[in-house]
Amino acid sequence: MEKLRYERPVINKIKAGVPDKFGMNTKIKIMPEIEGIPVKDIINKYGSPVFVLSEPKIRETYQEAHRAFSSRYPKVQFAWSYKTNYLDAICKIYHDEGSWAEVVSGFEYDKALANGVPGSKILFNGPDKNDEDLLKAIENSSFIHIDHFDELYSIIRLTKNTDKKAKVAIRINMDTGIYPQWDRFGFNYENGEAWNAINRIMLSENLDLVGLHTHIGTYIMSANAYAVAASKLAELAVRTNRKFNHNIKYIDMGGGFASKNTLKGAYLPGKDTCPSFDDYAEAITSALINSEIAPDNLPILFLETGRALIDEAGYVLGTILANKRLSNARRSTIVDIGVNMLFTSFWYEHEIYPAQECSLQTEDTAIYGPLCMNIDILREAIQFPLLQKGDHVVIPRVGAYNMTQWMQFITLRPNILLIDRDKNIQIIRKKETNEVFKQMERVPDHLK
Amino acid sequence: MKIKSNIAVSDNGFVFDPNTGDSYNLNNTAAEILQMLKSGKEETEIIKVFAKKYDVDETTFEQNFYDFLGMLNHYNLVEENRG
């Protein structure tokens, strides 16, 4: 006799209270496969947990974003934000699509060069550029986005010993009507510091002011803030032209576009509230086209969006380690994905889906990672189906920042896979081994 | 473990506790277990019946079963242990 399908017994108290205006989902979404490849097969072969990135999704999202801008504005150039995900394979996909590189450290700068990006297609941001970094950038004709006056004067000093002109832009912070206003990077617009910096650069023979840059914040849910920022940059470009008869070649709007993840504390899910690429593009390009910049002098529009391009293409697959009851009888589930490798769980209410069929029954569940640390929480409370030890789960939208900000803590970082356009799985970063860590450690003689 | 005699359990898994006015939902397996408990079946017997009838091994079911009994106890649906 064939046995009946089993489901863990569960009892849920019916709570009368304020009704949820969205109602309950009638169906639990499952994610049994990534790009058509079963999650179970991936985990069996490459271990659990494991990160998976989809090359088709990366390219599709990039093209969607590029189309949104290039269909509205004549000169558009994306620069891949290395800090968002600087795995070489990932960077090379963006470069292959036509992206330049946007880097924020000497380490990232060298990575971009090693990835075959010519120095003249690197935008060098960030507050930390030492003399060696700056000299290299000057020699390679990279675009240096100056963050502060100390850096500006370092460049002036360094260019005295070289016959190359430094190609520079300044980073500008400003009030765009959103909170928080980021004012720690670059020169302020409202108090006149940015204009002072422009004047100082224009008076220097060895510096060529080619661009104006801003990066108004991160996960910006208001497209209008970008319109305000673009208008202010355009105004500076017009003033520069008027005073020095000098055309600004590009305006760089930075990044900060929101992905569809839901921020902690948000009332509505991110996928319902975040502006689309078209919304951002409309705001930015309208502001530039409607500005006083003469149509013949329209600057190239640079975009450094990272999160919104890659988040959707990344997944982490994991396994249920245990189910427990908390002191108040709530269910807690421990998975093998910890906050050490899923840094973004500090900001987002990550969606977590079962990778196998399950019934409609759910329980109010807290989902914890495997670390022996109280902060290792993926979800404080989620209506979660009745999974058993050994079942698999998928967390989507983890492509941004996790693979650069992750920490090696009490365990080794897992494999990162890429599903290519032919649906082949490629390892793009190998799981770490104890040997890797041993190589870097030294034990003094007296302790041997 | 004995379910309190005045607890009402419907066939489709709806539970009403007249002592508190609280109601509960059960899934199919939970409803079946509750009916067995109400009819006085022993715990070991229930485990055997389930392992035979459902696609589950005894160890897994035992673990889930005692977790479920813990929940019944938490919601005060069982007679207090005398002894």
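Quick mapping for you: the protein sequence lines, in order, are chains P and D.
To convert, note that position 295 of the first sequence is 295 in the working numbering; the numbers rise steadily by one, no gaps.
To convert, note that position 2 of the second sequence is 450 in the working numbering; the numbers rise steadily by one, no gaps.
Backbone N, C-alpha and C fix where the C-beta goes; we use that ideal spot for every residue, glycine too.
- Within chain P, no C-beta atom comes nearer than 8 Å to that of D/Gly-488; the closest sits roughly 18 Å away.
- Contact between D/Glu-493 and D/Ala-499 fails: their C-beta atoms lie close to 11 Å from each other, not under 8 Å.
- Of all residues in the region 463 to 474 of chain D, the ones placed with a Cβ closer than 8 Å to any Cβ belonging to chain P are Val-463, Asp-470, Ser-471, Tyr-472, Asn-473 and Leu-474, in chain order.
- In the three-state DSSP reduction, P/Asp-147 falls in the coil class, being neither helix nor strand.
- Counting C-beta atoms within 10 angstroms of its own C-beta, D/Leu-485 has 16 or more neighbours from the protein chains shown and is therefore classed as buried.
- For the region 368 to 395 of chain P, the set of positions with a beta-carbon nearer than 9 Å to some beta-carbon of chain D reads Leu-386, Gln-388 and Lys-389 in chain order.
- The shortest CA-to-CA distance from P/Lys-271 to any of P/Asn-245, P/Lys-430, P/Glu-349 and P/Lys-75 is the one to P/Glu-349.
- The beta carbon of P/Glu-7 sits closer than 7 Å to the beta carbons of Ser-359, Gln-361 and Leu-386 from its chain, once the five residues preceding and following it are set aside; these are given in chain order.
- At a cut-off of 8 Å between beta-carbon atoms, P/Ala-329 makes contact with chain D.
- Against P/Ser-359, the close residues of chain D are Asn-475 and Asn-476, in the order they occur along the chain (beta-carbon pairs closer than 9 Å).
- A buried status is given to P/Leu-303, since no fewer than 16 other beta-carbon atoms sit within 10 Å of its beta-carbon.
- P/Tyr-219 places its beta carbon 8 Å or farther from that of P/Met-253.
- Taking 9 Å as the upper bound on Cβ-Cβ separation, chain D lies near residues Arg-331 of the region 331 to 357 of chain P.
- Listed as beta-bridge partners of P/Phe-51 by DSSP are P/Val-316 and P/Ile-416.
- Under the three-state reduction of DSSP, P/Gly-211 is assigned to strand.
- The region 258 to 272 of chain P makes contact with the region 393 to 411 of chain P; the number of CB pairs closer than 8 Å reaches 3 or more.
- Beyond the five residues adjoining it in sequence on each side, P/Asp-278 comes within less than 6 Å, by CB distance, of Ala-68 in the same chain, given in chain order.
- From the beta-carbon of P/Lys-3, the residues of chain D found nearer than 7 Å are Lys-501, Tyr-502 and Asp-503.
- Shown here, P/Leu-233 sits in a helix according to DSSP, grouped into three states.
- DSSP, read as helix, strand or coil, puts P/Phe-384 in strand.
- As far as DSSP is concerned, P/Tyr-6 takes part in no beta bridge.
- Within a 10 Å sphere around the beta-carbon of P/Tyr-82 sit 16 or more other beta-carbons, which makes this residue buried.
- For the region 505 to 521 of chain D, the beta-carbon criterion of a distance under 8 Å to any beta-carbon of chain P is satisfied by Thr-508, Phe-509, Asn-512, Phe-513, Asp-515, Phe-516, Gly-518, Met-519 and Leu-520.
- Residue range 300 to 303 is occupied by the beta strand (DSSP E) that includes P/Ile-300.
- For D/Asn-512, there is no enclosing beta strand (DSSP E); the enclosing alpha helix (DSSP H) has its first and last residue at 506 to 522.
- Nearest CB-CB separation between D/Ile-494 and chain P: not below the 8 Å threshold.
- No Cβ-Cβ contact shorter than 8 Å links P/Ile-198 with P/Val-168.
- If only complete runs of 3 or more residues are kept, the region 90 to 166 of chain P shows the beta strand (DSSP E) at 100 to 103, 122 to 124 and 143 to 146, in order along the chain.
- Contact annotation: P/Thr-162 and P/Ile-138 have beta-carbon atoms nearer than 8 Å.
- Per DSSP, reduced to three states, the secondary structure at P/Asp-88 is helical.
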